[in-house]
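**Q** When we follow the working numbering, the leftmost residue of the sequence shown carries the number 20, and every step to the right adds one.
Backbone N, C-alpha and C fix where the C-beta goes; we use that ideal spot for every residue, glycine too.
Okay, here's the structure, questions in a sec.
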Amino acid sequence: MFLLQLLLNGFIPRFFITLFVLMLMSCGGGGSSSVNTAPVDNKGGISLPQGLKTALPNNGTLNAYIIVDGGERQLMTIEGDNAVISLTGVTEAQHDYIIEFEFVLDTNVQDPLLLARAEKRLLVGPGVNPLVVDDTDYITDFDLDNDSVSNLSELDSQTSPFAGFRTSLSGNTTEGGGTATYTLALTRQPTANVVISLNSSNANEGTLNRNVLTFTVDNWDQDQSITLTGIDDQIADGNAIFEVVLNSVISDDINYNGEVFASVAVTNNDDETVGYNVSPISGDTDENGGTATFTVRLNKQPTAGSNVRFNVTSSDISEGTVNVTRLIFTDTNWDIPQTVTVTGQDDNVADDFHRYRIILAAAVSGDLAYNGLKPDDVFVTNLNNDDRPTVTFDVSPASIAEGGSSVITVSMNIASSQTVTVTLGYSGTATDTADYTVDTTAIVILAGSLSATRTLTAIQDNQVEPSETIDIIVSAVNQSAQLPPIALARQITIQGNDLTIGGEIFGLVTNDVVVLQNNGGDDLALNANGGFTFTTSLASGSTYSVTLLTPPANKNCV
Numbered sequence: 020m021f022l023l024q025l026l027l028n029g030f031i032p033r034f035f036i037t038l039f040v041l042m043l044m045s046c047g048g049g050g051s052s053s054v055n056t057a058p059v060d061n062k063g064g065i066s067l068p069q070g071l072k073t074a075l076p077n078n079g080t081l082n083a084y085i086i087v088d089g090g091e092r093q094l095m096t097i098e099g100d101n102a103v104i105s106l107t108g109v110t111e112a113q114h115d116y117i118i119e120f121e122f123v124l125d126t127n128v129q130d131p132l133l134l135a136r137a138e139k140r141l142l143v144g145p146g147v148n149p150l151v152v153d154d155t156d157y158i159t160d161f162d163l164d165n166d167s168v169s170n171l172s173e174l175d176s177q178t179s180p181f182a183g184f185r186t187s188l189s190g191n192t193t194e195g196g197g198t199a200t201y202t203l204a205l206t207r208q209p210t211a212n213v214v215i216s217l218n219s220s221n222a223n224e225g226t227l228n229r230n231v232l233t234f235t236v237d238n239w240d241q242d243q244s245i246t247l248t249g250i251d252d253q254i255a256d257g258n259a260i261f262e263v264v265l266n267s268v269i270s271d272d273i274n275y276n277g278e279v280f281a282s283v284a285v286t287n288n289d290d291e292t293v294g295y296n297v298s299p300i301s302g303d304t305d306e307n308g309g310t311a312t313f314t315v316r317l318n319k320q321p322t323a324g325s326n327v328r329f330n331v332t333s334s335d336i337s338e339g340t341v342n343v344t345r346l347i348f349t350d351t352n353w354d355i356p357q358t359v360t361v362t363g364q365d366d367n368v369a370d371d372f373h374r375y376r377i378i379l380a381a382a383v384s385g386d387l388a389y390n391g392l393k394p395d396d397v398f399v400t401n402l403n404n405d406d407r408p409t410v411t412f413d414v415s416p417a418s419i420a421e422g423g424s425s426v427i428t429v430s431m432n433i434a435s436s437q438t439v440t441v442t443l444g445y446s447g448t449a450t451d452t453a454d455y456t457v458d459t460t461a462i463v464i465l466a467g468s469l470s471a472t473r474t475l476t477a478i479q480d481n482q483v484e485p486s487e488t489i490d491i492i493v494s495a496v497n498q499s500a501q502l503p504p505i506a507l508a509r510q511i512t513i514q515g516n517d518l519t520i521g522g523e524i525f526g527l528v529t530n531d532v533v534v535l536q537n538n539g540g541d542d543l544a545l546n547a548n549g550g551f552t553f554t555t556s557l558a559s560g561s562t563y564s565v566t567l568l569t570p571p572a573n574k575n576c577v
């Protein structure tokens, strides 16, 4: 029994094959030697030369065969970069080995093409028996394309005797927009341009960034790339296959025109995870019939024609009820939130607040991914009649001058577990934005807090006007709090501080008048303090003096 090992040194040109035949011996009785007859199934291999692997087109299959002593032509198995075979029954003697490489085109499987044949004789003895097959051992140098260049020479130079295509794919795409690269080149120089048209077999799963590749007599062996991009179909349908499909090959080179090659399958990895989006409850309910809401939608679209439906119930209808008993989502409204309104119920018992939940049952659906999948329940607090915080508010100070400010403070007697929004209304003789400004009409008290403030500021103007008032009321609070039994109202007074100042003119004689000088226009312009500045004189030219009254403190003089 012998071990046959076929190896190729990839650094030596052509199909340089080193063959080792190992004769396995064992010791028999009386010290004599005999052949070990134990079954041995040993693998040998031929490393495929890089030129052979890259030059051959994709639309075919490379086969390797070995013949021992003119016997059966045995097919070797190509595994990655090696062709391997298990041989048994080789005896200690001289043996003849023939190795053949054959290529079978997909379009003509009945007519395999013999690329090369090498022949070598080996005298097998005990131990390792090396056999070297080099250029001189090839008994035939084929020229399949009749171009006066042997197949071996063409394959050594990584060209090909075949007009074909070499394709590769870098990996798979994802529905998150992950890309892959598809490359294509020709295996033989054309005599004219070769225009290749491709497309995606399913544009809902993957697209090509370009659909036409043109190869010339100069760039025929250079890879051209197409970027494949995965498409999100919004359906949790698992990984899907699409193909890069050949539409046509057009060329004036008859060896390429109309040629075909196999489509390349690409996996678009699914990124959809089925589930539900259930919003938090908007607030507490109460025994006065206070309501709260939440919404539900699907995370991913169900399969076409499938509904997703589930029941909605309250765990304690004496504390809270729901306005719907079932939610139904289709493959068209799956991403539209549906609202559930929860209404608090009065149990007529002087008790503390109660926690209950809104139960969302497991779904019933024709989409197996959703069928039986349960949304999370929603927990709600139903406050007793006296449990909700009571809102009050005050202003300080209640009287301000122009340019001054007052702080509005909204308070509650107890803190709420939810955010409380208090809306204020403003009226009175003072005008918003003309006489005063305020931060906002709504004051928000955060969960766990007892109060919040806003500032009202009176606007400084230079108009002589009486004092004005601002009447403030609490117009609304959200359901997390309640108003006191007596309506809340407060008033802020804006004190006017703009006055006209009188005076007297001395030195006038009878019938003399005061003349305003240097007033070229019809109007007098106000200065920064709201007064007029102008030059005066007496008509007679006599001297005179003007005395103004002293203005009060904190007043604007006009």
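Does the contact criterion of 3 or more C-beta pairs under 8 Å hold for the segment 373-385 versus the segment 471-479?
**A** Touching, no.
**Q** Taking all protein chains shown into account, do 16 or more other C-beta atoms lie within 10 angstroms of the C-beta of residue 454, making it buried, or fewer, making it exposed?
**A** Position 435 of the sequence shown, counting from 1, holds the residue named residue 454. Buried is the call here.
**Q** State the Cα-Cα distance for the pair residue 141 and residue 82, rounded to the nearest angstrom.
**A** On the sequence shown, position 122 is the one that residue 141 refers to. On the sequence shown, position 63 is the one that residue 82 refers to. If you take the alpha carbons of residue 141 and residue 82, they lie about 24 Å apart.
**Q** Just the Cα atoms here: how many angstroms apart are residue 131 and residue 264?
**A** Position 112 of the sequence shown holds residue 131. Position 245 of the sequence shown holds residue 264. Straight-line Cα distance between these residues: approximately 26 Å.
**Q** Between 245, 232 and 250, which has its C-alpha nearest residue 659's C-alpha?
**A** Beyond the ends of the chain as shown, which are 20 and 577, falls residue 659; an answer cannot be given.
**Q** With H, G and I counted as helix, E and B as strand and the rest as coil, what does DSSP make of residue 275?
**A** Here residue 275 refers to the residue found at position 256 of the sequence shown. The answer is coil: DSSP assigns residue 275 none of H, G, I, E or B.
**Q** With a cut-off of 8 Å, do at least 3 Cβ pairs link the segment 359-366 to the segment 306-325?
**A** In short, these stretches touch, since the Cβ pair count reaches three.
**Q** With a CB to CB cut of under 6 Å and the five nearest residues on each side skipped, what residues in its chain are close to residue 251?
**A** As a working mapping, residue 251 is identified with position 232 in the sequence shown. Closer than 6 Å at the Cβ level, and outside the excluded window around residue 251, lie 194.
**Q** Assuming residue 325 and residue 289 form a contact by the criterion Cβ under 8 Å, report the distance between their Cβ atoms to the nearest whole angstrom.
**A** Position 306 of the sequence shown, counting from 1, holds the residue named residue 325. Position 270 of the sequence shown, counting from 1, holds the residue named residue 289. Wrong, their Cβ atoms sit about 16 Å apart, outside the cutoff.
**Q** So, with DSSP's three-state summary, where would you put residue 339?
**A** For the purposes of this step, residue 339 is taken as the residue at position 320 of the sequence shown. Strand, per DSSP.
**Q** For residue 214, which of 225, 238, 201 and 199 has the nearest alpha-carbon?
**A** Numbered from its first residue, the sequence shown carries residue 214 at position 195. Out of 225, 238, 201 and 199, 238 has the C-alpha closest to the C-alpha of residue 214.
**Q** Taking only the alpha-carbon atoms, compute the straight-line gap between residue 279 and residue 111 and give it to the nearest angstrom.
**A** Sequence index remark: in the sequence shown, residue 279 carries index 260 (1-based). Sequence index remark: in the sequence shown, residue 111 carries index 92 (1-based). About 50 Å.
**Q** Using a Cβ-Cβ cut-off of 6 Å (strictly less than) and excluding sequence neighbours within five positions of residue 434, which residues of its own chain qualify?
**A** Looking up residue 434 in the sequence shown gives position 415. Result list for residue 434: 467 and 469, in chain order.
**Q** In the DSSP assignment, the beta strand (DSSP E) including residue 331 goes from what residue to what residue?
**A** As a working mapping, residue 331 is identified with position 312 in the sequence shown. First-last of the beta strand (DSSP E) with residue 331: 327-333.
**Q** Sort 192, 246, 304 and 462 by Cα distance to residue 286 and report the nearest one.
**A** The count along the sequence shown starts at 1 and reaches residue 286 at position 267. The residue with the shortest Cα to Cα distance from residue 286 is 192.
**Q** Are the beta-carbon atoms belonging to residue 500 and residue 394 less than 8 Å from one another?
**A** As a position in the sequence shown, residue 500 is number 481, starting the count at 1. As a position in the sequence shown, residue 394 is number 375, starting the count at 1. No, the Cβ-Cβ distance between residue 500 and residue 394 is not below 8 Å.
**Q** Spatial neighbours of residue 298 within its chain, please: C-beta separation below 8 Å, excluding the five flanking residues on both sides.
**A** Sequence index remark: in the sequence shown, residue 298 carries index 279 (1-based). The answer, listed in chain order, is 313, 314, 315 and 356.
**Q** From residue 115 to residue 129, what distance separates their C-alpha atoms?
**A** Counting from 1 along the sequence shown, the entry for residue 115 is found at position 96. Counting from 1 along the sequence shown, the entry for residue 129 is found at position 110. Looking at the two C-alpha atoms, the distance is approximately 28 Å.
**Q** For residue 201, which three-state DSSP category applies?
**A** Here residue 201 corresponds to residue number 182 of the sequence shown, with the count starting at 1. In the structure shown, residue 201 sits in a strand (DSSP, three-state: E or B).
**Q** Would you report the Cα separation of residue 95 and residue 184, rounded to the nearest angstrom?
**A** The residue you call residue 95 lines up with position 76 of the sequence shown. The residue you call residue 184 lines up with position 165 of the sequence shown. Taking the straight line joining both Cα atoms gives about 25 Å.
**Q** Helix, strand or coil for residue 389? Go by DSSP, reduced to three states.
**A** One-based indexing of the sequence shown puts residue 389 at position 370. Coil, per DSSP.
**Q** So, helix, strand or coil for residue 462, using DSSP?
**A** Residue 462 sits at position 443 when you count from the first residue of the sequence shown. In this structure, residue 462 counts as strand in the three-state DSSP scheme.
**Q** Helix, strand or coil for residue 372 per DSSP?
**A** Counted from its first residue, the sequence shown places residue 372 at position 353. Coil at residue 372, not helix or strand.
**Q** Residue 436 by DSSP, collapsed to three states: which one?
**A** Your numbering for residue 436 matches position 417 in the sequence shown. In this structure, residue 436 counts as coil in the three-state DSSP scheme.
**Q** Between which residues of its own chain and residue 512 is the CB-CB distance below 7 Å, once the five residues before and five after are set aside?
**A** The sequence position of residue 512 within the sequence shown is 493, counting from 1. Hits under 7 Å: 417, 418, 486 and 488.
**Q** Please classify residue 242: is it buried, with 16 or more other beta-carbons within 10 angstroms of its beta-carbon, or exposed?
**A** If you number the sequence shown from 1, residue 242 lands on position 223. By the 10 Å Cβ count, residue 242 comes out exposed.
**Q** Express the C-alpha separation of residue 502 and residue 438 in angstroms, rounding to a whole number.
**A** To locate residue 438, count along the sequence shown from 1; it is residue 419. To locate residue 502, count along the sequence shown from 1; it is residue 483. Distance between the alpha carbons of residue 438 and residue 502 is about 15 Å.
**Q** According to DSSP, simplified to helix, strand and coil, what is residue 207?
**A** Walking along the sequence shown from the start, residue 207 turns up at place 188. Looking at residue 207 - three-state DSSP - the assignment turns out to be coil, as it is neither helix nor strand.
**Q** For a test of the three-state rule: what should DSSP assign to residue 510, helix, strand or coil?
**A** Taking the sequence shown and counting its residues from 1, the one referred to as residue 510 is at position 491. Three-state result, residue 510: strand.
**Q** Can you give me the C-alpha to C-alpha distance between residue 482 and residue 422, rounded to a whole angstrom?
**A** Along the sequence shown, one-based indexing puts residue 482 at 463. Along the sequence shown, one-based indexing puts residue 422 at 403. Those two C-alpha atoms are separated by around 13 Å.
**Q** Under 8 Å by Cβ, that's how I've got residue 493 and residue 412 pegged, so tell me the actual separation to the nearest angstrom.
**A** The count along the sequence shown starts at 1 and reaches residue 493 at position 474. The count along the sequence shown starts at 1 and reaches residue 412 at position 393. The pair is a contact, with the Cβ atoms about 6 Å apart (cut-off 8 Å).
**Q** With a threshold of 6 Å on Cβ separation, who are the neighbours of residue 235 within its own chain once the five nearest residues in sequence on each side are excluded?
**A** The count along the sequence shown starts at 1 and reaches residue 235 at position 216. Here the set comprises 212.
**Q** If you count every other CB in all the chains shown that lies within 10 Å of the CB of residue 484, and 16 or more means buried, which is it?
**A** Your numbering for residue 484 matches position 465 in the sequence shown. Exposed, by the Cβ-count rule.
**Q** Would residue 363 and residue 304 qualify as a contact pair, given that the criterion is a beta-carbon distance under 8 Å?
**A** On the sequence shown, residue 363 is found 344 positions in, with the first residue counted as 1. On the sequence shown, residue 304 is found 285 positions in, with the first residue counted as 1. Going by C-beta atoms, residue 363 is nearer than 8 Å to residue 304.
**Q** For residue 378 and residue 334, which I take to be in contact (beta-carbon distance under 8 Å), what is that distance rounded to the nearest angstrom?
**A** Stepping through the sequence shown from its first residue, residue 378 is reached at position 359. Stepping through the sequence shown from its first residue, residue 334 is reached at position 315. Indeed, because the Cβ distance is near 6 Å, the residues count as touching under 8 Å.
**Q** Unbroken beta strand (DSSP E) runs of length 3 or more, entirely within the segment 280-312: which are they?
**A** Listed in chain order, the complete beta strand (DSSP E) runs (minimum 3 residues) inside the segment 280-312 are 283-288 and 295-297.
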